[in-house]
Amino acid sequence: MTESSNIHPTLLSALQATPMPDNIATSSLHPFSTSSEKLVTFLHALLDTTAQVTHSMTLHSATVLNDSRTVSLLRQQSAGQHTLHLFRTQVVQTIDTAKERRRTDMGYDGPSDDSTTLARVSTWSSAAGMQAFPEAAAGTLVLGGKVLVLDVALIPEPMVHASYAGSTEGRDSPAMDAFFSRLVSGVSNGGDGRRLRDALEYLMRLDELAAHESNAGARWFGEVDTLAKELTKFTQAEAGFLTSLTGHPAVPLDVLLLRGHALGLPYLHSPTLCFLVYLSPRAYLSLQRSVPATTPPPLPSSFDIPLAHLYNCLSADPPPTGVTRASLTLVPLQTLSQAPPSPVDALLTGHPSFPLAPTAIGFLHDFPLPTGPDAGKYGWVLAFGSGVVMSQSRMLEIARVVQPHDQLSYTGAGPTLSFMTRGWVDMLLNPGSTLSSERYTAAYVSPSNMHPPLRLTLTAPEEPGFLLERVQVYNMQEVWAVLEIVRDQCWLNEFLNGIAWIPEAAAGPLIEEDPSTEATEEELRALLSGTYIPRSIPVNVYVIAPAAVVLTFPERPPMPGMVSISVVLNGAAGATVEVQGAMGADVQMSTLEETVRRGGALGLPGRVWAASQAAP
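Going by full-length UniProt numbering, the first residue of the sequence shown is number 1, and it counts up by one from there.
Following this line, the structure appears as structure tokens:
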């Protein structure tokens with residue numbers, strides 16, 4: 001009876017019943033994509049359907065239909081069934097669209113006085129599965145789950161306080177209270193309440209798990225603060241080490257992120273433990289310049305941007321340009337997760353490393369997982385929002401971190417998947433196109449006219465790219481390792497994104513050239529004396545694994561040969577610069593390294609060229 005119920009009446013109905021995804025992006029065909037579980041489910045269904053269709057066609061291959069009337073009726077039946085299938089599909093799509101529209105428009109966009117704000121908060125919380133109980137006092141509301149209770153007050157300003165019913169182990173969380181106070185304040189100011197709804201939905205997921213554990217269930221809400229407290233100690237250790245090297249009371253935040261580890265910021269943009277992974281030079285400068293003048297000086301052995309200012313500037317969703325964040329989230333698993341690493345398994349990779357805080361090596365924190373009926377149904381994932389463009393070699397590094405037993409399946413770092421996806425440089429520099437380019441060109445003009453314009457030519461490495469969206473993890477060591485790899489890729493991405501590149505095939509003249517091609521005697525004398533100023537300087541750019549960029553350009557006349565500048569991301573040392581050639585150039589490596597830190601890496605050839613002296 002069960003087998004017969006799984007048999008479709010026709011081949012067409014079997015194919016129509018297969019759940020087809022709306023869109024399959026080749027850059028998402030990997031285990032670290034948010035759509036990976038849906039794609040695995042689809043592939044299993046497709047294989048089952050293919051087996052059924054193949055079996056049925058084999059059985060009917062010997063059947064010969066000579067009656068044209070029968071063939072015509074079968075065709076009419078197929079056409080009718082296909083029409084009905086299209087109608088059903090359109091109805092389902094219309095209902096799904098209406099449901100999503102209803103979720104979007106559930107909040108009231110009228111005046112943001114206290115009463116309507118309470119109504120909107122109540123509506124959004126009900127959509128998340130919480131119960132809302134208005135209080136007798138004006139401007140107050142209680143939101144309740146099975147364990148979690150949120151007290152909301154709008155007067156004199158929006159404030160939220162979390163408590164736990166039936167549990168004596170719950171602890172106050174000022175960070176959680178501040179996070180939900182910001183969300184309620186946004187609703188009070190007429191903003192969209194979907195972020196509040198999504199955050200409450202996540203808390204209801206934890207609330208369901210907490211209800212199964214009786215008095216000990218509040219631990220699910222305290223995990224973020226407990227872990228964040230430990231991570232703060234390691235951040236202070238790394239900041240203290242760097243301040244002792246530089247002699248400054250506070251280390252620049254961008255230096256700390258590049259030479260240390262990601263900064264743990266609980267409840268930054270979601271009700272989870274969030275991490276600030278990387279800041280581009282422009283993003284860091286924007287943060288630094290926007291610090292209020294009344295802010296007190298930073299404490300010793302800390303970083304230069306106040307935490308309150310970070311929360312004010314980086315809590316938006318999506319994040320500001322140049323900011324890479326991650327969040328550690330508990331999610332339901334549709335398919336079986338990979339087996340957790342046993343305690344005796346060492347990470348088969350060079351990550352993580354702790355040269356600035358050696359005490360972190362012994363910090364082994366396993367993330368809690370549900371037991372009993374919920375065992376195996378949930379897992380912790382490190383989510384990266386809209387995703388980070390990653391090279392194949394770094395995706396393999398991540399796989400070796402979180403799947404050490406499967407490391408033999410990830411051999412080699414060559415372009416083995418180039419037939420499936422574009423190169424990572426193409427994804428980064430030309431995201432709106434499906435075509436690949438061997439070379440990209442750009443023009444760099446000195447803001448102070450220190451040197452002639454640079455004609456940059458980037459040779460794209462033949463390495464596939466992928467969009468990293470989430471990684472399942474089991475302990476803090478894996479999180480640190482993954483974030484180290486992502487940080488290095490972000491640095492490389494920002495290095496290349498420092499200028500607007502154009503595919504070579506589509507590039508026109510980037511620099512206006514003088515139509516006169518005849519050389520003069522003055523130009524010849526200037527060339528021989530070393531005072532000739534060319535109209536532009538050709539620069540070739542190469543990306544070298546694992547995290548290095550090489551820029552080559554001709555020596556300043558009349559010296560022959562080429563100059564090579566290597567910029568390498570060297571772990572705890574940060575970005576280091578090495579110059580080969582450039583005879584007579586009077587330039588300090590520390591100056592060039594500071595230029596790289598400030599986002600002017602692609603202008604280094606011009607600086608070195610300008611500092612070169614003519615040969616005697």
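From the three backbone atoms N, C-alpha and C, an ideal C-beta is built for every residue, glycine too.
Residue interval of the alpha helix (DSSP H) (run including residue i)
i: residue 617; result: Nothing can be reported for residue 617, as the shown portion of the chain is limited to 1 through 616.
i: Y311; result: 307–314
i: G606; result: 604–611
i: D586; result: No alpha helix (DSSP H) contains D586, which DSSP labels as neither H nor E.
i: D426; result: 424–429
Boundaries of the beta strand (DSSP E) in which residue i is found, first to last residue
i: R259; result: Taken as a continuous stretch (DSSP letters only), R259 belongs to no beta strand (DSSP E), being part of the alpha helix (DSSP H) at 253–259.
i: N540; result: 537–544
i: D225; result: Looking at the DSSP string, D225 is not in any beta strand (DSSP E); the run it does join, the alpha helix (DSSP H), is 219–246.
i: S566; result: 562–569
i: residue 648; result: An answer regarding residue 648 cannot be provided, because it is not within the stretch 1 to 616 covered by the chain.
Nearest-angstrom Cα separation, counted from residue j out to residue i
i: P358; j: E238; result: 9 Å
i: Y444; j: T94; result: 50 Å
i: T117; j: V187; result: 7 Å
i: Y108; j: V53; result: Because Y108 sits at a pLDDT of 43, beneath the cut-off of 50, its placement in the model cannot be relied upon, and the point is left open.
i: R422; j: S437; result: 9 Å
i: residue 624; j: T295; result: As displayed, the chain neither begins before 1 nor continues past 616, which places residue 624 out of reach and without an answer.
i: A162; j: G144; result: 10 Å
i: D304; j: Y378; result: 38 Å
i: P281; j: S290; result: 14 Å
i: G414; j: C490; result: The predicted position of G414 is uncertain, since its pLDDT is 43 and thus under 50; a value taken from the coordinates is nonetheless stated next. Roughly 20 Å separates the two Cα atoms.
i: M176; j: M159; result: 11 Å
i: G264; j: L276; result: 7 Å
i: L524; j: P558; result: 11 Å
i: A548; j: L257; result: 18 Å
i: S173; j: F354; result: 29 Å
i: G139; j: D374; result: 38 Å
i: V608; j: Q403; result: 45 Å
i: M562; j: L279; result: 33 Å
i: S185; j: N430; result: 39 Å
i: L150; j: E213; result: 20 Å
i: A442; j: R535; result: 15 Å
i: A526; j: L454; result: 20 Å
i: Q131; j: P318; result: 29 Å
i: I155; j: L148; result: 22 Å
i: P546; j: L592; result: 21 Å
i: K99; j: T89; result: 15 Å
Below-8 Å beta-carbon distance, residue i vs any chain D residue
i: A211; result: No chain D is part of this structure, which consists of one protein chain only.
Residues bridged to residue i [DSSP beta-bridge criterion]
i: N475; result: D366
i: D192; result: In DSSP, D192 forms no bridge with anything.
i: F553; result: V563
i: Y202; result: DSSP, once it has assigned bridges, lists no residue as partnering Y202.
i: L328; result: L273, L382
i: G264; result: F275
i: F303; result: V251
i: A572; result: DSSP, once it has assigned bridges, lists no residue as partnering A572.
i: T50; result: BP columns for T50 are empty, so no partner.
i: V323; result: L279
i: T441; result: T457, I502
i: V388; result: L468
i: A548; result: I544, V568
Whole-angstrom C-beta distance between residue j and residue i, which should lie under 8 Å
i: residue 660; j: F221; result: Not covered by the structure: residue 660. The range shown for the chain is 1 to 616.
i: residue 617; j: F466; result: Past the edges of the chain, shown from 1 to 616, lies residue 617, and the structure says nothing about it.
i: residue 648; j: A228; result: Nothing about residue 648 can be reported from this structure: the residues present for the chain run from 1 to 616 only.
i: V381; j: V471; result: 6 Å
i: E555; j: H365; result: At roughly 54 Å, the Cβ-Cβ gap does not stay under 8 Å, so E555 and H365 are not in contact.
i: V425; j: P452; result: Contact flag wrong, Cβ pair sits at about 26 Å.
i: F241; j: A360; result: About 12 Å; that fails the 8 Å criterion.
i: A585; j: S612; result: 5 Å
i: residue 631; j: A210; result: Shown here, the chain extends from 1 to 616; a query on residue 631 therefore has no answer.
i: V224; j: Y267; result: 7 Å
i: R597; j: A575; result: 7 Å
Residue i Cβ short of 7 Å to the ligand ZN heavy atom set
i: S437; result: Annotation note on the ligand ZN: not contained in the displayed structure, which lists no ligands.
Mind listing, in chain order, the continuous alpha helix (DSSP H) runs of no fewer than 4 residues lying wholly within the stretch 266–299? 281–289
Jot down the residue ranges of each uninterrupted alpha helix (DSSP H) in the stretch 61–140, minimum 4 residues, whole runs only, in chain order. 68–104, 114–127
Could I get the ranges of all uninterrupted beta strand (DSSP E) runs contained in the stretch 443–507, with 3 residues as the minimum, in chain order? 454–459, 465–473
Quick check on the DSSP output: what are the complete beta strand (DSSP E) runs of length 3 or more inside the stretch 141–181, in order along the chain? 148–153, 159–164
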